[in-house]
Structures are given as structure tokens and as C-alpha cells.
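Novice: Numbering (full-length UniProt numbering), first residue to last: 1 to 229.
Glycine is no exception: its CB is placed at the ideal position from the N, C-alpha and C atoms.
#1: Given a threshold of 16 other Cβ atoms within 10 Å of its Cβ, counted over all protein chains shown, does residue 45 qualify as buried or as exposed?
#2: Using a Cβ distance threshold of 8 Å, determine whether the region 58 to 71 contacts the region 142 to 159, with at least three qualifying pairs required.
#3: Drop a sphere of 10 angstroms on the beta-carbon of residue 223, count the other beta-carbons inside from all chains shown, and report buried for 16 or more, exposed for fewer.
#4: Would you please state the rounded distance, in angstroms, between the beta carbons of residue 200 and residue 219? I believe it to be under 8 Å.
#5: Buried or exposed: residue 103, going by 16 or more other Cβ atoms within 10 Å of its Cβ?
#6: When DSSP builds the beta bridges, which residues end up paired with residue 160?
#7: For the beta strand (DSSP E) that residue 88 lies in, which residues bound it at each end?
#8: Decide if residue 227 is buried, meaning its Cβ has at least 16 other Cβ atoms within 10 Å, or exposed.
#9: Let me check understanding here. Comparing Cα to Cα, which of 136, 151, 99 and 75 lies closest to residue 117?
#10: Should the region 146 to 163 be called in touch with the region 174 to 190, which here means at least 3 C-beta pairs below 8 Å?
#11: Give me the DSSP bridge partner(s) of residue 8.
#12: Comparing alpha-carbon positions, which option in 52, 34 and 84 lies nearest residue 187?
#13: Of all the options 26, 84 and 127, which has the alpha carbon lying nearest to the alpha carbon of residue 119?
#14: Out of 130, 78, 72 and 192, point me to the one whose CA is closest to residue 22's CA.
#15: So, for residue 37: in the same chain, excluding its five sequence neighbours on each side, which residues have a beta-carbon less than 7 Å away from its beta-carbon?
#16: Taking only three categories from DSSP, how would you classify residue 104?
#17: In chain order, what residues of the same chain lie with their CB nearer than 7 Å to the CB of residue 212, ignoring the 5 residues before and after it?
#18: Could you tell me if residue 39 is buried or exposed, where buried requires 16 or more neighbouring beta carbons within 10 angstroms of its beta carbon?
#19: What's the call for residue 136, buried or exposed, on a 16-neighbour Cβ count within 10 Å?
#20: How big is the Cα-Cα spacing for residue 12 and residue 147?
#21: How is residue 59 classed by DSSP in three states: helix, strand or coil?
Structure (C-alpha cells):
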């Protein structure tokens, strides 16, 4: 896989086609919106989904931890689909995740789905993380600089000769970086929607996730009128 560089607040960040962010200078890896145990959360409410989302998500995440060998891993919120998600982890998945984080500084940023620390897993829980000139938080703020955020699950469509292809994406404008959702059962919000586009009033660059590389194209600025009375 070929990662793509972006620059923000004087730092060089690498966007991996898998959907994770690597900050080489700090040996930091960041991943957003795993939504582990979403299947079991839905099942508890009578909505049956295949119970394999955690296994699938970890099968993609753990090799990245071995590949990058980070000193710090930042989980950018909504790592679990609800506050009890960590307690529902299967023994094999819990053991594999704990082993992968052994000797690593794991930071669990609070999300709107999982505001409490994940019980029984290594690492520290924080509301947000300031690291050098950057701040890592789950929900992006309206006016922020040097911000790395998740929450919105951005996706975009790229035209091809056989029709449009919709994929998760990074969105960056030099002041803010929005990460795609990493979890197996996560949907997406189109970058043209107001919740995403309003964060980038001067436009931005979209990095669409591909199998081996990212596909980059500009996102034009959009104006949104005042809400109707």
C-alpha cells in the first residue's frame, strides 16, 4: 500500500489507504470510529446482524499495528458502539487486542457512542489529546486549527468509466484532517453534506480509499444559506 503525505501545522502526516493516519515524527498511529461490537449492540435490541464485525475490524487493524510498530496508538472515539461494548468482547478478540497493545501507549479518545473508558483494555482514556501542534478529538469543532477528528464517517464518489464509485475518504485542508470510519459496520456521510462541507468553507482535498493507494481530488467550497425558520 502507498500512503499519501499531507502537511498540517508544519507536520508531515501520512494517510494510509486502509484508513489510518501515521505521524512518523511522533511514531503515532491514529484510527477513528471502529464501532466494535456494533453487531452485538443491535442484537440486544432485537435487530440481528452477523456477529462478526469485531473480528473483521480487528483482522484489518492488527496487521497495521505490526506493520507500523507505533509507540502511541490514538483511538479517535467511537471505538466501541456503546459503553458496554468492551465488556462484550469475545475472549479471542480481547486477547488479540490486548496483546497488540502490549508495550504501546494506547490513548482512547472519548466518543459520543463510548464516553467511558473501555474496561479491561490497556491504555488511558481522555476527552481529547493535544500532541505537539495537533489536537486529536472525536467531534470536529467549528473553528479549529491543527485538528484531527472523526465522527462524521466521510465518504465520496469518484467517477469512473463504468459509473461512480463510492468509498470512505480522508478530507484535509491544511488546518483540519477528517478521518474515515474504520469499522466493518460503519456507514458514511457524503462530503457534500452540510455537516462535512461546512467544516471546509474554502474547499479541501479528498483522499478516496483504494485497494493499494489513495485517489485524490479537490472538494470545491460550498455556501450554505441560513436555516429556514
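Specialist: The answer reads as follows:
#1: Residue numbering aside, residue 45 sits at position 45 when the chain shown is read from its first letter. Per the 10 Å Cβ criterion, exposed.
#2: No, the region 58 to 71 does not touch the region 142 to 159.
#3: Along the chain shown, read from residue 1 onward, the residue named residue 223 stands at position 223. Exposed.
#4: Position 200 of the chain shown holds residue 200. Position 219 of the chain shown holds residue 219. Between residue 200 and residue 219 the beta-carbon gap is near 7 Å, inside 8 Å, which marks them as a contact.
#5: As a working note, residue 103 is residue 103 in the chain shown. It is exposed - the Cβ of residue 103 has fewer than 16 other Cβ atoms within 10 Å.
#6: Within the chain shown, numbered from 1, the residue matching residue 160 stands at position 160. Beta-bridge partners assigned by DSSP to residue 160: 163.
#7: Here residue 88 refers to the residue found at position 88 when the chain shown is read from its first residue. Here residue 88 belongs to no beta strand (DSSP E), and DSSP marks it neither H nor E.
#8: On the chain shown, residue 227 is found 227 positions in, with the first residue counted as 1. Note that residue 227 scores a pLDDT of 47, beneath 50, so its modelled location is shaky and nothing firm can be said.
#9: Within the chain shown, the letter at position 117 stands for residue 117. Out of 136, 151, 99 and 75, 75 has the C-alpha closest to the C-alpha of residue 117.
#10: In short, these stretches touch, since the Cβ pair count reaches three.
#11: Here the question's residue 8 lines up with position 8 in the chain shown. DSSP output for residue 8 lists 11 as bridge partner(s).
#12: Mapped onto the chain shown, residue 187 falls at position 187. Comparing Cα positions, the closest option is 34.
#13: The residue labelled residue 119 in the question sits at position 119 within the chain shown. Nearest to residue 119 by C-alpha distance, out of 26, 84 and 127, is 84.
#14: Indexing the chain shown from 1 puts residue 22 at position 22. Closest option to residue 22, Cα to Cα, is 72.
#15: Working through the chain shown from its first residue, we reach residue 37 at position 37. Its chain contains 54, 80, 81, 85, 88 and 89 as the residues whose beta carbon lies nearer than 7 Å to that of residue 37, once the 5 sequence neighbours on both sides are disregarded; these appear in chain order.
#16: The count along the chain shown starts at 1 and reaches residue 104 at position 104. Three-state result, residue 104: coil.
#17: As a position in the chain shown, residue 212 is number 212, starting the count at 1. Cβ within range, chain order: 1, 2 and 17.
#18: Locating residue 39 in the chain shown gives position 39, counting from the first residue. With 16 or more Cβ atoms within 10 Å of its Cβ, residue 39 is classed as buried.
#19: Within the chain shown, the letter at position 136 stands for residue 136. A buried status is given to residue 136, since no fewer than 16 other beta-carbon atoms sit within 10 Å of its beta-carbon.
#20: For the purposes of this step, residue 12 is taken as the residue at position 12 of the chain shown. For the purposes of this step, residue 147 is taken as the residue at position 147 of the chain shown. In a straight line, the C-alpha of residue 12 is about 14 Å away from that of residue 147.
#21: Within the chain shown, residue 59 is the residue found at index 59, counting from 1. Note: residue 59 maps to helix in three-state DSSP.
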